[in-house]
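Structure record follows, encoded as structure tokens.
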Amino acid sequence: MSLSELEPIYEVPMDVSAERQILGILIKHPAQVDRVVDRLRASHFLDPTNRRIYEIILDLYHKQGRISYTQIYNRLRTDSITDSPAELLIPLTESFVALSELDPSVQTLLHKEGIRRLVQASDTIKAMALDPKNEDLQAVQAKAQELIFAASQSLDASGDEVKNLLEVLNKCYINLLNRREGLGDAYGLSVRFPSIDGMTTGFKKKDLIILAARPSMGKTALALNMVANVAKRDIPVLIFSLEMDDEQLGDRIVLSELFAHKAGDQHVITSREYQTKLSDEQFLVTQKVFSELYPLPISIVDRRGLTVPEIRAKARKFKAEHPSLGLIVIDYLQLIKPPNNASRSWTLIVGEMVRELRDLAGELDVPLILLSQLNRGVESRENKRPMMSDLRDSGNIEEFADVIMFLYRDDYYYPEVAREKGTEGLVEVIFAKQRKGATGTVQLRFVKEYTRFIEETTRQNGVRP
Amino acid sequence: MTLFGELERTKVVFIDTCRNLVELGQLSKNEYYEICDLLDRLEEYDNEQFKAELSRISKGLSDLID
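The listed protein sequences derive, respectively, from chains A and B. To convert, take the position in the first sequence, counting from 1, and add 118; that gives this note's numbering. To convert, take the position in the second sequence, counting from 1, and add 184; that gives this note's numbering.
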């Protein structure tokens, strides 16, 4: 049996009666156009005549003209839509119902439109999937997810666009109460590094957080430490690792957790031992760490050369399957495959990619940490602490990011001096930008052998929020 | 049908008739648009005022209604 023989026969979801009811009510109560104009587009009306009449109503409304059967009659004639407008309008006068029917009828049309969009998306996906020219399965899958997501998002999407102050203040007040009661992540997503949480009051949903540094400063390690801390509270995290594979990441997470296992002052297992051979006792400790890590809701996509649309598609799918997704991490920006567009400058292309990732954070309502490498320009300066201007070659990152964090280690550049001063492993986390908070610097200690960051009590130039 | 529906239906039929009269040359376009405006503001007139206004626009049409 061919696929075409399996073709389901369905009627296009529509409700002509609801369409007429809406038109009848709007002509009788023109002031009600205000209530529907941002929710109903002409395309919500499937009957061509009803759609045209709705377009006329909207046009009269926008031109502040009178909305009446007479005016619509004349427009139907002058626009040569029909020679006998009366035949179209008389049934409308008969379908008039109470004003209270307006909202239910609008909801009916929105519902039907939503179903139609899903059907249309699935038809497109089917055609795309069966097209022999589409050989790249992953590209087809990414596009399919995008289509389904877009179709799902279209339902009454405009409903959230305009919010009155009461609505906004209600949400602020609930957050205020939660903060007062210490409930949930009222402060945003805590990464369980008190100095970082103190600066940010937690990473906020929809925010794009840039974590940038020169290579080997510990970007991935810090991101993974934060991921583990978040996941330990049973909050799902999605990592896009474009550099390291899943096993490398897994080993890093295990190693970082092994740091906490000590016998006296000594670590039970060194990094070298973990990577070579363990004694029976060490193996038991490691097994325990594995058991603790198994249930953590951390998911990893480790495919290299992902594009932003592919990242978006995978993240949307993950969000659909895990609605409580709490954090996305992308390691790292410069490894994302840019779109093929030779005519545009690298700066513009990267800027566009960053903007799309910020939009993704907004769309999925999660904080998104985007790791980024800094170019060598940093090292040509005497003071090698990264600055905002170091991001300028990488598109408009500074414009799109909500938070920009730089990592700086003195011992990376001046190991001898650091040894003498006892500042080995000391990492400055520089908050160069915070749209919703103060800028400043906090310190962590980086235990490189275990790829583990630990809290450093001293604070330099930090501004406590 | 509701009273409003009945009234609107009557208006549509009436305006359709007027339009046909325009095409037959019995009514000018200006008169036609004045009648449209009159119908749109129907609630501002009582019965007598409406007849008087219609008569002012087109005596023949007013006679037809009577």
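Every residue gets a Cβ at the ideal spot worked out from N, C-alpha and C, and that includes glycine.
Closer than 9 Å to chain B by CB, residue i
i	result
residue 133 of chain A	no
residue 204 of chain A	yes
residue 195 of chain A	yes
residue 146 of chain A	yes
residue 192 of chain A	yes
residue 306 of chain A	no
residue 142 of chain A	yes
Proximity to residue i [Cα-Cα], best of the options
i	options	result
residue 370 of chain A	A:164, A:156 and A:570	A:570
residue 351 of chain A	A:316, A:307 and A:339	A:307
residue 483 of chain A	A:444, A:132 and A:197	A:444
residue 653 of chain A	A:417, A:397 and A:396	The displayed coordinates of chain A run from 119 to 583. Any statement about residue 653 of chain A would go beyond what the structure contains.
residue 374 of chain A	A:402, A:399 and A:336	A:336
residue 508 of chain A	A:247, A:293, A:407 and A:332	A:332
residue 562 of chain A	A:526, A:387 and A:490	A:526
residue 198 of chain A	A:426, A:167 and A:227	A:167
residue 490 of chain A	A:394, A:497 and A:334	A:334
residue 84 of chain A	A:339, A:318 and A:295	What the structure shows of chain A is the stretch from 119 to 583, and residue 84 of chain A is not part of that stretch, so it cannot be assessed.
residue 245 of chain B	B:227, B:226, B:199 and B:225	B:199
residue 203 of chain B	A:196, A:222 and A:574	A:196
residue 403 of chain A	A:426, A:379, A:230 and A:393	A:379
residue 497 of chain A	A:153, A:245 and A:528	A:528
residue 309 of chain A	A:230, A:297 and A:322	A:322
Euclidean distance between Cα positions of residue i and residue j
i	j	result
residue 238 of chain B	residue 191 of chain A	20 Å
residue 514 of chain A	residue 453 of chain A	17 Å
residue 274 of chain A	residue 136 of chain A	Confidence at residue 274 of chain A is low in this model, with a pLDDT of 49, below 50, so the placement of that residue should be treated as unreliable; the coordinate-derived value is given next. Approximately 17 Å, taken between the alpha carbons.
residue 134 of chain A	residue 165 of chain A	7 Å
residue 549 of chain A	residue 504 of chain A	10 Å
residue 177 of chain A	residue 193 of chain A	10 Å
residue 385 of chain A	residue 267 of chain A	48 Å
residue 568 of chain A	residue 411 of chain A	16 Å
residue 132 of chain A	residue 447 of chain A	42 Å
residue 139 of chain A	residue 194 of chain B	19 Å
residue 149 of chain A	residue 197 of chain B	25 Å
residue 501 of chain A	residue 465 of chain A	25 Å
residue 353 of chain A	residue 200 of chain A	60 Å
residue 414 of chain A	residue 408 of chain A	10 Å
residue 551 of chain A	residue 470 of chain A	20 Å
residue 216 of chain B	residue 475 of chain A	59 Å
residue 480 of chain A	residue 488 of chain A	14 Å
residue 349 of chain A	residue 288 of chain A	30 Å
residue 546 of chain A	residue 449 of chain A	20 Å
residue 229 of chain B	residue 187 of chain B	17 Å
residue 319 of chain A	residue 437 of chain A	24 Å
residue 389 of chain A	residue 574 of chain A	22 Å
residue 391 of chain A	residue 544 of chain A	25 Å
residue 277 of chain A	residue 265 of chain A	No answer about residue 277 of chain A holds up, because its pLDDT of 49 lies below 50 and its placement is not dependable.
residue 455 of chain A	residue 467 of chain A	10 Å
residue 293 of chain A	residue 245 of chain A	47 Å
Minimum Cβ-Cβ distance from residue i to chain A less than 9 Å
i	result
residue 203 of chain B	yes
residue 242 of chain B	no
Closer than 7 Å at the beta carbon, the chain D residues around residue i
i	result
residue 188 of chain A	Any reference to chain D falls outside this structure, whose protein chains are A and B.
Any non-hydrogen atom of the ligand SAM closer than 8 Å to residue i Cβ
i	result
residue 503 of chain A	With respect to the ligand SAM, the structure shown offers nothing to examine, as it has no ligands at all.
Exercise for the section: Taking only beta carbons into account, state which residues of the segment 206 to 221 of chain A come closer than 7 Å to chain B, listed in chain order. Expected result: With the criterion set as a beta carbon lying under 7 Å from some beta carbon of chain B, the members of the segment 206 to 221 of chain A are 207, 208, 211, 212 and 214, in sequence order.
Practice task
Would you check if the segment 141 to 158 of chain A and the segment 205 to 215 of chain A touch, i.e. whether three or more CB-CB distances between them fall below 8 Å?
Solution key: Remark: three or more beta-carbon pairs, one from each stretch, lie closer than 8 Å, so the segment 205 to 215 of chain A and the segment 141 to 158 of chain A are flagged as touching.
Problem - Contact residues within the segment 188 to 201 of chain B, judged by C-beta distance below 7 Å to chain A - result: Those residues of the segment 188 to 201 of chain B that come within reach of chain A (Cβ to Cβ, closer than 7 Å) are 188, 189, 192, 193, 195, 196, 197, 199 and 200.
Exercise for the section: Compile a chain-ordered list of the residues in the segment 216 to 233 of chain B whose CB is closer than 7 Å to at least one CB of chain A. Expected result: Within the segment 216 to 233 of chain B, the qualifying residues are 220, 223 and 224.
Problem - Cβ contact check for the segment 322 to 332 of chain A and the segment 519 to 529 of chain A: 3 or more pairs under 8 Å - result: Touching, per the Cβ criterion.
Problem - Segment contact, 8 Å Cβ cut-off, at least three pairs: the segment 179 to 196 of chain A with the segment 220 to 234 of chain B - result: In short, these stretches touch, since the Cβ pair count reaches three.
Exercise for the section: Using a Cβ-Cβ cut-off of less than 7 Å, list which residues of the segment 169 to 184 of chain A approach chain B; keep chain order. Expected result: Within the segment 169 to 184 of chain A, the qualifying residues are 184.
Exercise for the section: For the segment 334 to 347 of chain A and the segment 430 to 442 of chain A, state whether three or more C-beta atom pairs, one from each stretch, are separated by less than 8 Å. Expected result: Touching, no, given that fewer than three Cβ pairs across the two stretches are closer than 8 Å.
Practice task
Kindly confirm or deny that the segment 153 to 160 of chain A and the segment 235 to 248 of chain A touch, where touching means at least three C-beta pairs closer than 8 Å.
Solution key: Too few Cβ pairs lie closer than 8 Å, so no.
Problem - At least 3 beta-carbon pairs within less than 8 Å: the segment 347 to 366 of chain A vs the segment 552 to 566 of chain A - result: Counting C-beta pairs with one atom in each stretch, the segment 347 to 366 of chain A and the segment 552 to 566 of chain A have fewer than three that are closer than 8 Å, which means they do not touch.
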